[in-house]
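Have a look at the structure below before the remarks.
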Amino acid sequence: MNIKSLIVEKASQAMLAAGLPEDINPSVTQSTKPQFGDYQINGVLSVAKKLKANPRELAQQVINNLEIDDIAERVELAGPGFINIHLKNAFLESNIIAVNKNKKLGVLAHQPVQKVVVDYSAPNLAKEMHVGHLRSTIIGDAMARVLEFRGDNVIRHNHMGDWGTQFGMLIAHLEQMIEQGTDLEKVALADLEGFYRDAKKRFDNEEGFADLARSYVVKLQAGDEYCKSLWKMFIDTSIKHSEEVYDRLNVTLTREHIRAESSYNDLLPKIMQRLNESNLVVEDQGAQVVFIDEFANSEGAPSPFIVQKSGGGFLYSTTDLAACEYRSNELMADRILIFTDSRQSLHFKQVENTARKAKFLREETSYEPSLFGAMLGQDGKPFKTRTGGTVKLTSLLDEAVSRASQYLEQREPNLSADNLNEIARKVGIGAVKFADLSKHRSNDYVFDWDSMLSFEGKTAPYLQYAYARIRSIFRKAQVNSEDLSDSVIISNEQEKALAIKLLQFEEALDLMSSEVTPHVLCNYLYELTSLYMTFYESCPILKEGVSEQIRYSRLSLCRLVSNTIKTGLDLLGIEVMESM
Ligand code: ARG
1 MNIKSLIVEK
11 ASQAMLAAGL
21 PEDINPSVTQ
31 STKPQFGDYQ
41 INGVLSVAKK
51 LKANPRELAQ
61 QVINNLEIDD
71 IAERVELAGP
81 GFINIHLKNA
91 FLESNIIAVN
101 KNKKLGVLAH
111 QPVQKVVVDY
121 SAPNLAKEMH
131 VGHLRSTIIG
141 DAMARVLEFR
151 GDNVIRHNHM
161 GDWGTQFGML
171 IAHLEQMIEQ
181 GTDLEKVALA
191 DLEGFYRDAK
201 KRFDNEEGFA
211 DLARSYVVKL
221 QAGDEYCKSL
231 WKMFIDTSIK
241 HSEEVYDRLN
251 VTLTREHIRA
261 ESSYNDLLPK
271 IMQRLNESNL
281 VVEDQGAQVV
291 FIDEFANSEG
301 APSPFIVQKS
311 GGGFLYSTTD
321 LAACEYRSNE
331 LMADRILIFT
341 DSRQSLHFKQ
351 VENTARKAKF
361 LREETSYEPS
371 LFGAMLGQDG
381 KPFKTRTGGT
391 VKLTSLLDEA
401 VSRASQYLEQ
411 REPNLSADNL
421 NEIARKVGIG
431 AVKFADLSKH
441 RSNDYVFDWD
451 SMLSFEGKTA
461 PYLQYAYARI
471 RSIFRKAQVN
481 SEDLSDSVII
491 SNEQEKALAI
501 KLLQFEEALD
511 LMSSEVTPHV
521 LCNYLYELTS
531 LYMTFYESCP
541 ILKEGVSEQI
551 RYSRLSLCRL
561 VSNTIKTGLD
571 LLGIEVMESM
């Protein structure tokens with residue numbers, strides 16, 4: 001169900017019938033104020049400009065040719081040449097019924113279906129996951145879920161960092177621990193951060209250790225079995241850590257989605273060969289460098305993109321070129337979405353520029369590094385512990401749940417302990433995720449416990465609470481909500497506004513999919529819930545005196561609201577509860 005595309009289609013036909021050129025964009029938007037109708041066709045203005053015609057006259061001609069009686073009760077010419085559309089109740093009613101009966105809430109599959117690689121989370125396995133990985137993990141997961149919901153063929157790639165020079169140091173340290181007979185799972189690797197710190201200390205201070213570490217990197221990268229087995233042991237434990245985090249975060253990533261940096265190893269010589277054959281790479285101080293004119297600095301010096309170090313070692317950049325080749329030419333992806341923070345902006349520009357020239361990326365593949373801003377503390381500086389350290393993701397989630405639990409204890413003192421724990425988990429984790437997802441991805445944002453856990457405003461608890469309240473209405477009415485879809489009557493303004501919003505779910509998902517912006521869905525769910533609250537206050541449901549028919553109709557609207565909130569939150573990876 002997509003009212004906007006319906007109107008676009010009708011507007012295009014009317015423009016053609018009015019004798020306007022074929023290639024014009026009818027541009028339709030949802031109206032922001034009731035006096036502008038429910039939708040507005042505002043594409044006539046730019047056409048008029050191009051044709052040097054009077055925009056109001058042109059808009060009138062379009063109106064004369066607009067065949068829209070089936071969906072609109074009123075169409076009016078407004079302002080300099082806008083066309084306001086007021087939707088018809090009967091149209092809304094029949095669609096609410098149809099959408100209510102549909103498992104996917106009337107949301108259609110993308111046309112055509114696309115193959116989309118979604119590269120997200122991608123922690124560096126040398127260390128434990130910290131808050132810096134939160135955004136990539138949850139924004140990427142929301143996108144993967146939504147694209148899948150729309151029928152796209154989604155391929156998740158967890159591009160884990162498992163192949164840097166640090167691994168030499170880590171396995172050298174690991175070797176000694178094994179020799180000393182330490183129970184690794186229990187002691188050493190239970191605290192990856194501590195393990196890393198100890199290894200680093202030895203690297204900096206212990207005689208001979210740094211040399212050993214360096215020799216292990218070389219051996220590892222050359223495929224030495226012994227080093228590889230140590231490395232595997234380390235990687236495996238580190239992956240287990242991240243799996244625990246994914247599980248707590250309700251993120252869909254599993255082991256089978258891991259496509260770590262090391263997996264591109266065998267492709268790298270071929271990548272270098274192709275760069276050479278295409279004359280893209282030159283030697284500079286022993287290193288292999290692609291100089292990119294398009295990103296020259298203010299003095300005109302081209303931007304250097306190093307693809308091989310002087311000692312022959314490959315880099316993050318080389319791996320990303322290989323990833324382009326694999327995803328675009330082998331997997332034949334239509335889109336590649338990559339979620340990293342905005343500090344990697346230049347890196348990905350360089351990757352795309354080089355990959356296009358060397359044909360590692362097909363023209364048909366859209367390469368979309370989807371960068372995000374930083375998570376800041378109350379002081380406006382990057383989010384840190386009180387002592388200035390990086391915050392482990394597990395600690396952040398622990399705190400979220402315990403804070404949610406405190407809030408809930410005050411608010412709902414009658415909850416049983418089991419219920420409290422379960423709800424606190426959903427509210428705490430949901431709050432952290434929603435607070436992040438609801439901000440525009442590219443902006444920095446200030447992490448604030450009190451506002452994200454509030455039951456008012458644009459928060460997860462607000463939506464979760466609304467959902468639970470609606471479910472309790474069905475229990476009180478003693479109806480099975482799934483039976484409520486046979487008739488709907490729109491009898492007032494609040495019901496109409498709510499019905500229109502309900503039918504705009506697909507439009508929100510469309511915008512989120514094309515612009516890679518989960519905040520669009522968050523805003524939508526918040527607006528829907530707010531309209532529901534208004535409806536609930538002004539439209540009695542179970543009160544005596546409400547006719548059977550109106551009660552049924554309002555309950556049907558409630559059903560669709562609750563299903564839309566539930567589905568929408570699920571697409572964001574946020575859980576709901578039936579009561580609270
Ligand atoms: N591991 C990288 C980091 O922690 C992110 C990888 C993102 N994906 C990619 N294809 N480069 O910064």
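Following UniProt numbering, the numbering of the sequence shown begins with 1 at its first residue and continues without gaps. No residue lacks a Cβ here, since even glycine has one placed at the ideal position from N, Cα and C.
According to DSSP, residues forming a beta bridge with residue i
i, result
"I306", "V289"
"T340", "L371"
"N297", "The partner list for N297 (beta bridge, DSSP) is empty, contrary to what the question assumes."
"P382", "L376"
"R156", "V118"
"S366", "R335"
"H130", "K392"
"E283", "Q288"
"F314", "Q308"
"Y445", "M375"
"G161", "N124"
"I258", "N158"
Residue i: CB within 8 Å of a non-hydrogen atom of the ligand ARG
i, result
"G161", "yes"
"F339", "yes"
"P123", "yes"
"A323", "yes"
"D119", "yes"
"Y316", "yes"
"Q350", "no"
"Q344", "yes"
"S136", "yes"
"D247", "no"
"H133", "yes"
"D236", "no"
"D320", "yes"
Nearest candidate by alpha-carbon position, reference residue i, set the options
i, options, result
"D70", "V62, L92, Q61, N84", "L92"
"Y552", "Y532, D486, G208", "D486"
"M533", "V217, Y326, K501, V479", "K501"
"F36", "N84, P21, F314", "N84"
"V446", "L542, A435, V116, S121", "A435"
"N25", "P34, N279, E9, K33", "E9"
"I429", "D450, L408, D141, A400", "A400"
"N329", "K4, T387, K115, N102", "K115"
"L346", "E294, K359, L331", "E294"
"K270", "Q308, H241, A296, T237", "Q308"
"F82", "N54, S94, K103", "N54"
"L66", "D183, T137, Q13, E57", "Q13"
"T365", "T32, K439, R327", "R327"
"L105", "V576, I574, G380, R559", "R559"
"G457", "V432, E76, S530, P518", "S530"
"F203", "I171, M452, V28", "I171"
8 Å CB neighbourhood of residue i in its chain, flanking five on each side removed
i, result
"E73", "H86, L87, K88, N89"
"S405", "L420, N421, A424, G428"
Close Cβ partners of residue i (< 6 Å) along its chain, the five nearest in sequence each way excluded
i, result
"D320", "V351"
"E148", "V154"
"S547", "none"
Own chain partners of residue i with C-beta closer than 7 Å, once the 5 adjacent residues on each side are dropped
i, result
"K476", "L542"
"L376", "P382, F383, D444, Y445, V446, F447"
"Y465", "F455, M580"
"residue 585", "The structure shown does not extend to residue 585, since the chain spans only 1 to 580, so no value can be given for it."
"F314", "L268, Q308"
"G140", "V118, Y120, S121, F339"
* Considering only residues of the UniProt domain "Arginyl tRNA synthetase N-terminal" (1–87), which uninterrupted alpha helix (DSSP H) runs meet the minimum length of 4 residues and lie entirely inside it, listed in chain order? -> For the UniProt domain "Arginyl tRNA synthetase N-terminal" (1–87), whole alpha helix (DSSP H) runs of length 4 or above, ordered along the chain, are 3–17, 44–51, 55–65.
* Of all the alpha helix (DSSP H) runs that stay within the bounds of the stretch 540–575, which reach a length of 4 or more residues? -> Counting whole runs of 4 or more residues, the stretch 540–575 contains the alpha helix (DSSP H) stretches 548–571.
* Asked: Could you give the uninterrupted runs of the alpha helix (DSSP H) lying entirely in the stretch 198–241, keeping only those of 4 residues or more?
  -> Entirely contained in the stretch 198–241, the alpha helix (DSSP H) runs reaching 4 residues are, in chain order, 209–221.
* Asked: Which runs of the alpha helix (DSSP H) spanning at least 4 residues fall entirely within the stretch 432–503, listed in chain order?
  -> Whole alpha helix (DSSP H) segments, 4+ residues: 449–453, 460–477, 493–502.
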